[in-house]
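Remarks on the structure that follows.
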Amino acid sequence: MPGTQKSKKSISSQFKSSLQRLMETLGSTTPHYVRCIKPNDSKLPFVWTYQEFFERYRALLSREELLGDDAKQSCSLALERLLQDPNMYRCGKSKVFFRAGQVAFLEELRCSRLRAACTLLQRHLRGWLARRRFGRIRAAALCLQRHMRGMLARRLTTELRRSRAAVVLQKNVRTALARRSYLRVRRAALTIQAFSRGMFARRLYQQMVQHQKAVVLQAAVRGWLVRQRYNRLRRAVLYLQCCYRRVRARRELQRLRAEARSVEHYKQLHKGMEIKVMQLQRRLDEQAQEKQRLAEQLSELNAAHAAEVQRLREEMRWLREDAAHDAQVRRLQERLAELERHSAESRLAQEVEELRQRLAEVEAVKLHLGEERDALIQRTLEQSQDLEEQHQRAARESRGLQQELEEERARYQSLVQEYARLEQGYENLRDEVAFHRQSTLRRSPSSESFLGSESSYVSSMSTAPSRDGSDLQAEGLEERWQPPPEVPQPPHPTGDPTPGSAVGQDPFEKAYLLLLGQLNAVTEELARTREELRRSKASAEHEERKPLDFLKRRNIAEMLGLGRSPEKAAGDDLKHAYDAVQVANNNEERGCHAGTGASSIPHGPIPIGATPGHADYRPQGSPGAMPDLPAYVLFLCIRHADHCHDEPRCHSLLDAAINAIKRVMKKHSDDFDMVALWLANACRLLNCLRQYGRDESCHQGNTEQQNEHRLQNLDLQGPCHSLGALAVQLYQQLVRTAEKRLKPMIGELGVGLDSP
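Each residue of the sequence shown is one higher than the one before, counting from 1 in full-length UniProt numbering.
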């Protein structure tokens with residue numbers, strides 16, 4: 001009994017122990033978020049869509065699952081591999097359902113996978129940094145050893161020379177002591193000068209070699225990037241044109257097939273059908289006149305043979321449309337024989353013979369038309385086969401272009417990384433050149449004249465010629481890409497070609513006139529279709545040449561930098577900027593600032609909302625303004641700050657402009673025109689800062705007048721790096737926006753191709 005009382009627990013102790021076990025369980029795990037003990041209020045499993053699951057846990061998917069076309073199948077395979085218990089999840093049509101705790105388990109797997117990837121990256125990076133540091137230390141140690149050994153060798157040589165001189169001095173007479181001492185000092189001075197001049201020449205040569213290598217690398221990389229961008233845009237345009245032409249070809253094939261199945265198509269393809277129908281019509285008119293004359297002469301037989309003649313006319317009309325006309329011809333011949341037997345007049349027999357001859361001619365014409373119809377059918381089948389082969393070839397070319405586009409995109413990403421690495425290496429080389437240049441300045445006074453002459457010679461040799469595109473006018477850059485002219489519509493058909501005189505004719509002649517009208521209408525429709533095809537082809541060629549010419553002019557303008565002469569750069573561009581900000585410069589201020597290119601700008605902080613970097617600025621609102629007008633206005637303000645020795649104001653203006661562009665891009669991230677506008681302005685401002693900045697490597701293509709307008713007091717190396725990074729972000733955003741616009745268009749083309 002005492003043991004039973006001790007083992008019995010109260011309700012509060014049971015609740016306390018249960019709560020303690022729950023807290024221990026929560027403490028031993030790492031929950032991402034705890035709201036309550038139960039999973040949720042609705043007591044439903046966690047729900048994920050396949051796209052969300054694929055984007056969230058793509059780090060846990062294998063290569064085959066990532067390359068799969070079906071996201072649902074890839075997610076199902078990944079869940080079977082990650083979650084061993086199939087009762088902990090269910091796959092629906094569009095979503096995945098998880099039980100409590102499975103999302104935390106997947107998050108833990110994802111964190112472990114990402115942590116392992118970070119560890120691998122850190123390992124490689126630290127190894128590379130250690131190897132790089134070891135290489136530098138080793139190079140420095142070798143350099144120190146080389147210089148120390150040289151110094152010891154020279155010291156030993158000097159000691160040997162001195163000892164030998166002492167022996168010579170002891171052997172020779174004291175009269176030669178002064179002369180030999182003078183000669184020894186003279187030789188030492190010449191040796192020092194030779195070594196000094198050789199060292200300075202070698203340093204100067206190394207500087208020239210490094211500068212030339214940097215110029216060659218920049219030219220090669222920039223040219224390659226421009227060619228890659230041009231080829232990528234050209235392939236994209238050709239791909240869109242191929243898709244559009246494939247749709248047009250399929251529609252034309254369907255139209256040709258429909259026309260090939262119709263009798264009117266066979267008639268319209270026959271060139272001389274109209275002439276033959278007119279001849280038959282003329283013969284029918286003569287036959288009607290002869291029949292009327294026979295009716296007048298044989299009035300006594302009209303009552304008996306009226307019904308028979310009407311049946312003959314009906315059978316003759318059906319004879320032109322029926323392929324098996326031999327039986328009808330025989331029946332007509334039998335009935336004509338009966339008419340001959342019942343006719344008592346010789347003239348009636350002669351007329352019947354003439355009718356028989358005309359029927360033979362009609363039969364021959366029908367045979368000829370049947371042969372031509374078979375030839376046209378064969379030709380139409382051959383054309384349909386050719387069109388089918390062209391369609392298949394265009395489909396193969398489109399798939400090849402799609403693969404090339406994907407490969408080009410991957411190569412571009414690798415080239416962007418390579419370009420960043422080359423730019424970092426170039427910065428390191430420039431720092432080393434600056435270090436060597438500073439060490440060169442610390443030279444002895446005895447070699448001042450020699451180094452001055454050498455530096456003047458090198459500066460004269462390193463002066464690069466002016467840009468090849470200095471004659472390019474600014475008006476060419478302002479050209480807009482106008483849409484191609486619309487293709488004029490073909491004229492409407494004139495109407496029914498049936499003449500009004502056919503009202504009073506018999507049904508046989510009306511049938512021929514109706515057939516003639518249909519033939520004329522089909523012939524006109526064929527002519528209109530051919531004219532539309534010819535004009536569509538001309539318009540397509542014009543549309544193909546127009547974007548290529550525009551891109552070529554745009555690429556040339558970007559490769560040439562500002563692309564204008566010094567007079568244009570100092571006058572026209574700044575004049576547009578002055579007109580945009582509406583600054584009134586008097587004659588005295590223009591005379592004072594003519595040498596520096598600065599304008600009259602009021603002192604004090606410039607609000608960024610007053611600059612052209614405002615979010616509502618669009619070049620379409622001002623047709624006379626250039627697209628890169630905001631860049632010129634900002635550069636004008638920077639020139640004024642440089643003239644006023646106000647570096648903090650310049651840095652604050654550039655930072656405010658960069659932040660404003662980032663805000664605009666965040667607000668209008670899906671606007672293709674806005675992103676392209678500010679990408680052009682960022683590149684233009686970066687080119688202006690580099691061309692007129694303090695970096696000597698960017699002044700090789702400047703003229704003397706452009707060098708006079710360089711910035712004298714500001715160092716904008718940091719803002720240039722920030723502006724370059726912003727330009728790269730804008731370019732990536734532009735590519736993503738273009739992909740979003742092109743994907744629906746490509747999808748519509750695919751749907752149009754798949755439709756019958």
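Idealized CB from N, CA, C, for every residue including glycine.
The structure displayed is predicted, hence computed values, not measured ones.
#### Entry: Alpha carbon of glutamine 733 to alpha carbon of glutamate 24, nearest angstrom
Cα-Cα distance, rounded: 49 Å.
### Query
Is there contact here, the segment 661 to 679 with the segment 735 to 744, by at least three beta-carbon pairs under 8 Å?
In this structure the segment 661 to 679 lies against the segment 735 to 744, because at least three pairs of beta carbons, one per stretch, are closer than 8 Å.
### Task
Report yes if the CB atom of alanine 727 is closer than 8 Å to the CB atom of leucine 686, and no otherwise.
It is a contact, given that the beta carbons lie within the stated cut-off.
### Message
Less than 8 Å between the beta carbons of arginine 115 and alanine 59, yes or no?
### Response
Cβ distance not < 8 Å, so arginine 115 and alanine 59 don't count as in contact.
### Query
Is DSSP giving threonine 49 helix, strand or coil here?
Reduced to three states, the DSSP call for threonine 49 is strand.
### Message
Runs of 4 residues minimum, wholly inside the UniProt domain "Dilute" (655 to 756): which ones carry the alpha helix (DSSP H) assignment?
### Response
Here the runs fully enclosed are 672 to 691, 704 to 708, 717 to 754.
### Task
Would you be able to state if there are at least three C-beta pairs under 8 Å between the segment 713 to 720 and the segment 698 to 705?
No: fewer than three Cβ pairs fall under 8 Å.
### Message
Going by beta-carbon coordinates alone, are leucine 742 and leucine 679 separated by less than 8 Å?
### Response
No, Cβ-Cβ distance for leucine 742 and leucine 679 is not below 8 Å.
### Task
Determine the burial state of serine 470: buried for a count of at least 16 other Cβ atoms within 10 Å of its Cβ, exposed for fewer.
Here the model assigns serine 470 a pLDDT of 36, short of 50, so the residue's position is not dependable, and the following value carries that caveat. Serine 470 should be labelled buried.
### Span of the beta strand (DSSP E) around tyrosine 89
Residues 89 to 91.
### Message
Quick check on valine 167: does DSSP put it in helix, strand or coil?
### Response
Valine 167: helix per DSSP, three-state reduction.
### Where valine 209 falls: helix, strand or coil (DSSP)
Note: valine 209 maps to helix in three-state DSSP.
### Message
Going by the DSSP bridge assignment, what does phenylalanine 195 pair with across the sheet?
### Response
Answer is none; phenylalanine 195 lacks a bridge partner.
### Query
Since phenylalanine 97 sits in a beta bridge, which residues does DSSP pair it with?
BP columns for phenylalanine 97 point to Val47, Arg90.
### Query
Taking Cβ to Cβ, would you say cysteine 243 is nearer than 8 Å to glutamate 397?
With respect to the 8 Å criterion, cysteine 243 and glutamate 397 are not classified as neighbours on the basis of their beta carbons.
### Message
Please return the same chain residues whose Cβ sits closer than 6 Å to the Cβ of serine 74, not counting the five positions on each side in sequence.
### Response
Contacts found: Glu65, Gly68.
### Task
Could you name the residues of the same chain whose beta carbon sits closer than 7 Å to that of asparagine 681, not counting the 5 residues immediately before and after it, in chain order?
Shown here for asparagine 681: same chain residues with a beta carbon closer than 7 Å to its own, the five before and five after excluded, namely Asp628, Pro630, Ala631 in chain order.
### Task
Can you grab the Cα-Cα spacing for the pair arginine 154 / arginine 179, in whole Å?
Taking the straight line from one Cα to the other gives about 24 Å.
### Task
Tell me whether leucine 19 sits in a helix, a strand or coil according to DSSP, three-state version.
Of the three classes helix, strand and coil, the one that applies to leucine 19 here is helix, per DSSP.
### Task
Would you please state the rounded distance, in angstroms, between the beta carbons of alanine 394 and alanine 214? I believe it to be under 8 Å.
That belief does not hold up - the Cβ atoms of alanine 394 and alanine 214 are roughly 46 Å apart, past 8 Å.
#### Entry: Euclidean distance between Cα positions of methionine 208 and leucine 723
Straight across, the Cα-Cα distance linking methionine 208 with leucine 723 is about 29 Å.
### Query
Buried or exposed: which applies to glutamine 691, given that a residue is buried once 16 or more other Cβ atoms fall within 10 Å of its Cβ?
With 16 or more Cβ atoms within 10 Å of its Cβ, glutamine 691 is classed as buried.
### Task
Alpha carbon to alpha carbon, how far is glycine 198 from arginine 162? Give it in angstroms, no decimals.
So the alpha carbons of these two residues sit roughly 25 Å apart.
### Query
cysteine 143 by DSSP, collapsed to three states: which one?
Looking at cysteine 143 - three-state DSSP - the assignment turns out to be helix.
### Task
Kindly examine the ligand FAD and report whether one of its heavy atoms sits closer than 7 Å to the Cβ of arginine 379.
Among the components modelled here there is no ligand, and therefore nothing to report on the ligand FAD.
### Beta-carbon spacing of leucine 689, cysteine 720 below 8 Å
Remark: C-beta atoms of leucine 689 and cysteine 720 approach each other more closely than 8 Å.
### Query
DSSP three-state call for valine 173: helix, strand or coil?
DSSP places valine 173 in coil when its eight states are reduced to three.
### Task
Could you check how far apart the C-beta atoms of cysteine 650 and isoleucine 658 are, in whole angstroms? I think they sit under 8 Å.
About 13 Å separates the two Cβ atoms, so there is no contact after all.
### Query
Apart from the five residues on each side of it in sequence, which residues of its chain come closer than 8 Å, Cβ to Cβ, to asparagine 172?
These residues qualify, in order along the chain: Arg180.
#### Entry: Neighbour-count burial assignment, valine 143, 16 or more Cβ in a 10 Å radius
It is cysteine, not valine, that sits at residue 143 in the sequence shown. By the 10 Å Cβ count, cysteine 143 comes out exposed.
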